[in-house]
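Asks: The structure that follows is given in the form of structure tokens.
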Amino acid sequence: MRRLRLGSVLVAAIIAAACGSAGGGGTPANSYAGKTIKLGAVLSITGAGGVYGPQSRDGMNLAVDQINKAGGVNGAQISLTVADDASLQSQSAQVAQTMILSDQDLALLGPTLSNSAVAVHPLAEQQKIPILAVSTTGINIVPNCNFPSTVACRYVFRDSLGEETAIPDNIQSYASDAHPSTGVLLVAQDDKFSSDGGKIVEANVAKYNINLLKTIKFNKAEADLSPYVTTAVGLHPDVIFITSLGGIPAKIMIEARKQGWQGQFLGGNGFNTATVSKNAGAAGLGARSASAWYLGNSFPSNADFVTAFKTAYGHDPDQFAAQGYTGIKIIADAAKRANLTFSDLAGDRDRLRAAMETVNIQSPLGPFQFTSTHDVKQTVWVIKMDGQGGFTLVHEIKAS
Amino acid sequence: MGQQILNAIFIGSIYALFAVGYTLVFGVLDILNLAHSAVFTLGAAVTYTLVVNHGQSFWLACVLGIFVAALMGLVIEYVCLRPLRRRRAPPIAALISTIGLALIIIAAIEQGRPGTLFAWLWVDGANPVTMPPGAFPNPTWHVAGLTLEGSKLAVIPISLALMLVLGYVMRSTQVGRGLRAVAENPRAARLMGIDVDRMIALTLVISSALGGLAGILFGVALGDISPYIGRDSVEVRGLAVIVLGGMGSIPGAVLGGYLLGLIEVLAVVLLGSNVRAGVAFAALFLMLVLRPQGFFGAQLRERI
Numbered sequence: 001m002r003r004l005r006l007g008s009v010l011v012a013a014i015i016a017a018a019c020g021s022a023g024g025g026g027t028p029a030n031s032y033a034g035k036t037i038k039l040g041a042v043l044s045i046t047g048a049g050g051v052y053g054p055q056s057r058d059g060m061n062l063a064v065d066q067i068n069k070a071g072g073v074n075g076a077q078i079s080l081t082v083a084d085d086a087s088l089q090s091q092s093a094q095v096a097q098t099m100i101l102s103d104q105d106l107a108l109l110g111p112t113l114s115n116s117a118v119a120v121h122p123l124a125e126q127q128k129i130p131i132l133a134v135s136t137t138g139i140n141i142v143p144n145c146n147f148p149s150t151v152a153c154r155y156v157f158r159d160s161l162g163e164e165t166a167i168p169d170n171i172q173s174y175a176s177d178a179h180p181s182t183g184v185l186l187v188a189q190d191d192k193f194s195s196d197g198g199k200i201v202e203a204n205v206a207k208y209n210i211n212l213l214k215t216i217k218f219n220k221a222e223a224d225l226s227p228y229v230t231t232a233v234g235l236h237p238d239v240i241f242i243t244s245l246g247g248i249p250a251k252i253m254i255e256a257r258k259q260g261w262q263g264q265f266l267g268g269n270g271f272n273t274a275t276v277s278k279n280a281g282a283a284g285l286g287a288r289s290a291s292a293w294y295l296g297n298s299f300p301s302n303a304d305f306v307t308a309f310k311t312a313y314g315h316d317p318d319q320f321a322a323q324g325y326t327g328i329k330i331i332a333d334a335a336k337r338a339n340l341t342f343s344d345l346a347g348d349r350d351r352l353r354a355a356m357e358t359v360n361i362q363s364p365l366g367p368f369q370f371t372s373t374h375d376v377k378q379t380v381w382v383i384k385m386d387g388q389g390g391f392t393l394v395h396e397i398k399a400s
Numbered sequence: 401m402g403q404q405i406l407n408a409i410f411i412g413s414i415y416a417l418f419a420v421g422y423t424l425v426f427g428v429l430d431i432l433n434l435a436h437s438a439v440f441t442l443g444a445a446v447t448y449t450l451v452v453n454h455g456q457s458f459w460l461a462c463v464l465g466i467f468v469a470a471l472m473g474l475v476i477e478y479v480c481l482r483p484l485r486r487r488r489a490p491p492i493a494a495l496i497s498t499i500g501l502a503l504i505i506i507a508a509i510e511q512g513r514p515g516t517l518f519a520w521l522w523v524d525g526a527n528p529v530t531m532p533p534g535a536f537p538n539p540t541w542h543v544a545g546l547t548l549e550g551s552k553l554a555v556i557p558i559s560l561a562l563m564l565v566l567g568y569v570m571r572s573t574q575v576g577r578g579l580r581a582v583a584e585n586p587r588a589a590r591l592m593g594i595d596v597d598r599m600i601a602l603t604l605v606i607s608s609a610l611g612g613l614a615g616i617l618f619g620v621a622l623g624d625i626s627p628y629i630g631r632d633s634v635e636v637r638g639l640a641v642i643v644l645g646g647m648g649s650i651p652g653a654v655l656g657g658y659l660l661g662l663i664e665v666l667a668v669v670l671l672g673s674n675v676r677a678g679v680a681f682a683a684l685f686l687m688l689v690l691r692p693q694g695f696f697g698a699q700l701r702e703r704i
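Protein chains in written order, with the numbering used here: chain A, 1 to 400; chain B, 401 to 704.
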């Protein structure tokens, strides 16, 4: 009897172990217990992109903190290292290389700027490590990260709304509301994000019967933008398009209003942070852009995020924080389903990449999935500055 | 075109005021103080933080901003320059040490965020900020198609007056004669009983005070204060200005400042916006080829 009882216990133990090992090879609970998922984020904390990078970092750290406190990813804790690339392409690549080769991270996030992505993403593709862009919106980020090669990059993903979607949606929205007939484009010519945005504006205005009177190019480090603004205002356009980074859009808006221009500002992703709206102040009132995210959305995955962010940092998040937060949630969801071994790094990176392709989560950006080209497919929110450092919703454009 | 000329005079005033500080140090010490652009930034940052973080009036904040910039001049002298001078280090060593100090100053400002060690110095990390509305009177007039903004107009007489005062001090006062003596021949000046170290320290204080003031005027008038305004906006242009005007020449720096402002703006108006920097530096290159000593090069023998 005693032997029978012992046998039953042994059988039960073997069955439990078998279930556990089947779970390890399938979708187990706690199969990663005691392990660490190492992630690296290359962000622009300082330099021109310093307006955006800290927000992404705060969003990521919040997500990591929430996931770890809730028991981790199948029991594994996430360890996130954030490195500042100082908004420099060369430093961005160096930092990424360290994370890939020395730190042996499972996956990367970033970099903040499209200008740096052209160096970092091909490196990640070559080293076969998944990388998720959380703020880069320029052209040729996904899938052709090795542009001009048209071979699709397998390891590069993006959760940030591309300017090729956002800018035309914004122009279309304003054109149908106000029917402007003339415009001037002010574009920073010395970074990829800004010049890509300029190209998209130039390629789309005619579709909405807007005559682009002039494209005025400048460099980011100009001491004084007044001569460019004077030239733009002197043409009396209905719309001034601004595609530029950091504090520049706000400077242009302030100067144009001082010079008495009363028309409409339209912009790109460079508008979509509270810092730009705050700096522009009353001069930015009504300036429109298309955003991947809107603070006022009340669906639970956004409302919960906004509340948690405000509790953690004492201020509202912005689009970049929402995208950074979503980036960690995406990788965590994929890691949960990827059957990671923690002993075969190359294999784990590839398994994670495959799992990322089938991510389907609720996020602050709304329901989130990747397209077949690893780009984001989501609702676009057309927003305008409220003149007091915030934004209000103008239109919601569902993904087609 | 009138508005563009106003733009040129405004930015030219900033370039000139900044470059005068640059050239003053070069005239006396024969070295380029590459921390000058960081002092420019520091003046603006301190003024901003005193108004926003510490609730001080704008005018008091300006005075303290200039004072802190002047103090930084002493730091440059005592930390970066004097120890190297004592060891007879080559000028390149001083160049590198001032770059190092500039990086430290910028990094300190960058780190300023709520809850950090440098929160008292700055409030918004790498982000550009503007003075709060109403912090200072800034009336705007529209006259004959021109927009005249108080904060920009004020820059012009302030810069000109300060440069005239500096010129007077250099030419007609005991201190000025002492500084010029040190610039001509430090050894002879020492033999004549002039305290050379004191004169050099004074040079750094005056230069840095002017640099800090230029930063305040720039940040306030353009609504753009960030850790990078010195590095991005005036550092290289300041060098161009003193080459155009003649290395070490104060009148040359003034003329060079206004000339560079005019060239940049005319390039935008006449040749297209994307060639602004190219045209400005092409002019600089031409000057180096045709008249390497700059406009006031003939006065090189009698510095500052």
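Glycine included, every Cβ here is placed at the ideal spot set by N, Cα and C.
Just so we're clear, the structure is a prediction, and the values are computed from it rather than from any experiment.
For Ser135 (chain A), which residues in the same chain have their Cβ closer than 7 Å to its Cβ, ignoring the five residues on either side in sequence?
Replies: Excluding positions up to five away in sequence, the list reads Tyr52, Ser56, Thr112, Ser160, Phe320, Gln323.
Asks: Give the interface partners of Pro111 (chain A) over in chain B, defined as CB-CB distance under 8 Å, in chain order.
Replies: By Cβ distance, chain B contributes nothing, its closest Cβ being about 15 Å from Pro111 (chain A), past 8 Å.
Asks: According to DSSP, Trp541 (chain B) sits in a beta bridge with which residue or residues?
Replies: DSSP lists B:Leu548 as partners of Trp541 (chain B).
Asks: Name the one or two DSSP bridge partners that Phe391 (chain A) has.
Replies: According to DSSP, Phe391 (chain A) bridges with A:Met385.
Asks: Tell me which residues share the same chain as Asn360 (chain A) and place their Cβ nearer than 7 Å to its Cβ, disregarding the 5 neighbours each side in the sequence.
Replies: Excluding sequence neighbours, Asn360 (chain A) sits near Gln369.
Asks: Between which residues of its own chain and Ala589 (chain B) is the CB-CB distance below 6 Å, once the five residues before and five after are set aside?
Replies: Contacts found: Ala581, Val582, Val596.
Asks: In chain B, which residues lie less than 9 Å from Ala274 (chain A) when you measure between Cβ atoms?
Replies: Result: empty, since nearest Cβ-Cβ is about 10 Å, beyond 9 Å.
Asks: State buried or exposed for Lys192 (chain A), treating a residue as buried only when at least 16 other CB atoms are found within 10 Å of its CB.
Replies: Under this definition Lys192 (chain A) is a buried residue.
Asks: Have a look at Met472 (chain B) and Leu602 (chain B) and give me their C-alpha separation to the nearest angstrom.
Replies: Met472 (chain B) and Leu602 (chain B): Cα-Cα distance of roughly 12 Å.
Asks: Between the beta-carbon of Val452 (chain B) and the beta-carbon of Val523 (chain B), is there less than 8 Å?
Replies: Yes, Cβ-Cβ distance for Val452 (chain B) and Val523 (chain B) is below 8 Å.
Asks: Tell me, to the nearest whole angstrom, how far the beta carbon of Thr423 (chain B) is from that of Ile642 (chain B); I am working on the premise that it is less than 8 Å.
Replies: The Cβ separation is near 5 Å, so the contact holds.
Asks: For the beta strand (DSSP E) containing Gly643 (chain B), name the first residue and the last one.
Replies: A small correction: the amino acid at residue 643 (chain B) is Val; Gly does not occupy that position in the sequence shown. No beta strand (DSSP E) holds Val643 (chain B); the alpha helix (DSSP H) holding it covers 636 to 645.
Asks: Classify Asp524 (chain B) as helix, strand or coil using the three-state DSSP reduction.
Replies: Three-state result, Asp524 (chain B): coil.
Asks: Measure the alpha-carbon distance for Gln254 (chain A) versus Leu560 (chain B) and round it to whole angstroms.
Replies: Reading the sequence as shown, one finds Ile at residue 254 (chain A) and not Gln. Going from the Cα of Ile254 (chain A) to the Cα of Leu560 (chain B) covers about 26 Å.
Asks: Interface residues of chain B around Val151 (chain A) at Cβ under 8 Å?
Replies: Going along chain B, no residue has its Cβ under 8 Å from Val151 (chain A), so there is no contact; the nearest lies around 33 Å.
Asks: When the cut-off is 8 Å and only beta carbons count, does Gly25 (chain A) lie next to chain B?
Replies: Residue confidence is low: Gly25 (chain A) scores 37 on pLDDT, short of 50, so the model does not pin down where it sits. No coordinate-derived value is stated.
Asks: Closest to Asn272 (chain A) by C-alpha separation, out of A:Ala290, A:Thr373, A:Lys251, would be which residue?
Replies: The option with the nearest alpha carbon to Asn272 (chain A) is A:Ala290.
Asks: Quick one: which chain A residues come within Cβ less than 7 Å of Pro528 (chain B)?
Replies: Ordered by position in chain A, the residues that pass the 7 Å Cβ test against Pro528 (chain B) are Gly246, Gly247, Asn279.
Asks: Measure the CB-CB distance between Gln264 (chain A) and Val239 (chain A) and report whether it falls below 8 Å.
Replies: The answer is yes: Cβ separation under 8 Å.
Asks: For Asn674 (chain B), go through chain A and note every residue whose CB falls closer than 8 Å to its CB, in chain order.
Replies: Gln189, Lys217, Phe218, listed in chain order.
Asks: Is the beta carbon of Ala653 (chain B) sitting closer than 8 Å to the one on Ala419 (chain B)?
Replies: A contact, by the Cβ cut-off of 8 Å.
Asks: So with Cβ pairs under 8 Å, would you call Asn407 (chain B) a contact of chain A?
Replies: Cβ-Cβ to chain A under 8 Å: yes for Asn407 (chain B).
Asks: Taking the alpha carbon of Ala470 (chain B) as the point to measure from, which residue in B:Ala609, B:Gly593, B:Pro528, B:Pro490 has its own alpha carbon closest?
Replies: Ala470 (chain B) has its Cα closest to that of B:Ala609, out of B:Ala609, B:Gly593, B:Pro528, B:Pro490.
Asks: Could you tell me the alpha carbon to alpha carbon distance between Glu664 (chain B) and Val679 (chain B), rounded to whole angstroms?
Replies: Their backbone Cα atoms lie some 7 Å apart in a straight line.
Asks: Can you name the start and end residues of the alpha helix (DSSP H) that Leu622 (chain B) belongs to?
Replies: Looking at the DSSP string, the run of the alpha helix (DSSP H) that includes Leu622 (chain B) is 596 to 622.
Asks: Determine the burial state of Gly47 (chain A): buried for a count of at least 16 other Cβ atoms within 10 Å of its Cβ, exposed for fewer.
Replies: Gly47 (chain A) is buried by the Cβ-count criterion.
Asks: Would Leu695 (chain B) and Ile414 (chain B) be called neighbours here (beta carbons separated by less than 8 Å)?
Replies: Contrary to the premise, residue 695 (chain B) reads as Phe rather than Leu in this sequence. It is not a contact, given that the beta carbons lie outside the stated cut-off.
Asks: Which same chain residues, not among the five before or five after Leu429 (chain B), have their C-beta less than 6 Å away from its C-beta?
Replies: Same-chain partners within the cutoff: there are none.
Asks: Using CA atoms only, rank isn't needed, just tell me which of B:Glu584, B:Pro627, B:Pro651, B:Gly534 is closest to Tyr568 (chain B).
Replies: With distances taken between Cα atoms, Tyr568 (chain B) lies closest to B:Pro651.
Asks: Compute the distance between the beta-carbons of Gly525 (chain B) and Gly50 (chain A), then report whether it is under 8 Å.
Replies: Their beta carbons are under 8 Å apart, which means Gly525 (chain B) touches Gly50 (chain A) by this criterion.
Asks: For Pro130 (chain A), name the three-state secondary structure that DSSP assigns.
Replies: The answer is coil: DSSP assigns Pro130 (chain A) none of H, G, I, E or B.
Asks: Less than 8 Å between CB atoms is the rule here; does Ser226 (chain A) satisfy it with respect to chain B?
Replies: Yes, its Cβ sits closer than 8 Å to a Cβ of chain B.
Asks: Kindly indicate if chain A contains any beta-carbon less than 8 Å away from that of Ala419 (chain B).
Replies: Cβ-Cβ to chain A under 8 Å: no for Ala419 (chain B).
Asks: At which residue ranges does the segment 162 to 224 of chain A contain complete beta strand (DSSP E) runs of 3 or more residues, listed in the order of the chain?
Replies: Within the segment 162 to 224 of chain A, the complete beta strand (DSSP E) runs of at least 3 residues are 182 to 188, 211 to 218.
Asks: Rounded to a whole number of angstroms, what is the C-alpha to C-alpha distance between Lys217 (chain A) and Leu660 (chain B)?
Replies: Their backbone Cα atoms lie some 19 Å apart in a straight line.
Asks: With the cut-off set at 8 Å, would you say Ala63 (chain A) and Lys329 (chain A) are in Cβ contact?
Replies: It is a contact, given that the beta carbons lie within the stated cut-off.
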